[in-house]
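Down below is the structure, laid out as structure tokens.
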Ligand SMILES: Nc1ncnc2c1ncn2[C@@H]1O[C@H](COP(=O)(O)OP(=O)(O)OP(=O)(O)O)[C@@H](O)[C@H]1O
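In this note's numbering, the protein residues as written are 136 to 428.
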């Protein structure tokens, strides 16, 4: 058996290669082949390299990186190939949603070919493993991604602090969004939106709960949103999110979709698993994948 190990050395506290070294010492009998991403968006090249020598019956793929690395790997990995994942990012929300904590458990699942079916979200540019967000969360991620502070805090294992820091800043400068949603059953408009998230996992932003019942084991796109109601009310509603009080807060709306198209008259800032894009049209649907767990 060979484990093709794809590592992003730049994720979070930059510990992916150290984790690889530890694995090779702990499991001398496993044939690890290392693929290192060397620049932004290199996941596609590394997945192509893996697939060129991948034996579907014998081999396994293990990804070590943050949420952004995994979502980009899955965007290029064929649906029918299972994967294993060990986090080394700043937020690690996907690992938190699935309780992925110990590398030994993952290696054991790979050895025993023990797989579970999970749901991710397929969208126009690839795969979402946690959430796609408009409004407040997109603004926070946009600030964080462009900030040298992320690297500095990541090095001292405080990478998660970047989100509350820019959360406060974003309270004062998040533009509202108006979007049109179309599902198989209904069409409706969400106007003056401050917070709008489409999630298949429970967490985003380094452990903040998007929706308490969201789980990758359910084939659902959880749509969570609230309107812009001024600074004070926005802070109160965000605190309700922070303290997991979603269901008792009337301002917070929740809907479940299997498939949804989102359009808007102007381009909006959108965050997808920690990466920021600008768009005015998106189509989302649930997709199943197999993970060694
Ligand atoms: N060697 C590299 N140098 C710089 N960027 C890289 C490198 N390899 C991959 N990337 C890019 O890094 C981004 C993913 O980072 P990742 O999400 O894994 O880390 P993180 O942001 O610290 O973690 P998290 O998403 O869990 O908060 C992707 O855009 C990916 O293409």
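Every residue gets a Cβ at the ideal spot worked out from N, C-alpha and C, and that includes glycine.
Inter-residue CB distance, residue 404 and residue 207 (contact presumed, cutoff 8 angstroms): Rounded, the Cβ-Cβ distance is 19 angstroms, inconsistent with contact.
Cutoff 6 angstroms; reference residue 390; Cβ partners in own chain excluding five residues on either side: 358
Environment of residue 304 [buried if 16+ CB atoms lie within 10 Å]: exposed
Expected contact under 8 angstroms - CB spacing of residue 158 and residue 185 to nearest Å: The pair is not a contact, with the Cβ atoms about 17 angstroms apart (cut-off 8 angstroms).
Check: residue 286 C-beta below 7 angstroms from any heavy atom of ligand 1: no
Contact check, residue 323 vs residue 331, beta carbons under 8 angstroms: no
Alpha helix (DSSP H) segment containing residue 241, residue limits: 238-246
Span of the beta strand (DSSP E) around residue 221: 219-222
CB of residue 342 within 8 angstroms of CB of residue 148, strictly: no
Any non-hydrogen atom of ligand 1 within 7 angstroms of residue 415 CB: no
Where the beta strand (DSSP E) through residue 200 begins and ends: 195-200
For residue 271, the three-state DSSP class (helix, strand or coil): helix
Selection from 216, 356, 194 and 300 that minimises the alpha carbon distance to residue 334: 356
Spatial neighbours of residue 227 in its chain, beta-carbon cut-off 8 angstroms, leaving aside the 5 residues before and after: 147, 201, 202 and 341
Option nearest residue 396 by Cα separation, candidates 248, 258, 423 and 265: 258
Between the CA atoms of residue 232 and residue 241 - distance to the nearest angstrom: 15 angstroms
C-alpha gap between residue 137 and residue 161, whole angstroms: 15 angstroms
Nearest-angstrom beta carbon gap, residue 415 and residue 398 [assumed within contact, 8 angstroms]: 6 angstroms
When 328, 336 and 371 are compared against residue 361, the one with the closest alpha-carbon: 328
Contacting residues, own chain, Cβ-Cβ under 7 angstroms from residue 384 (five flanking each side not counted): 372 and 375
Close Cβ partners of residue 386 (< 6 angstroms) along its chain, the five nearest in sequence each way excluded: 361 and 372
Nearest to residue 285 (by Cα), restricted to the options 164, 351 and 297: 297
Inter-residue spacing [alpha-carbon to alpha-carbon] between residue 354 and residue 370: 31 angstroms
Buried versus exposed call for residue 172 [16 or more other C-beta atoms within 10 Å across all chains shown]: buried
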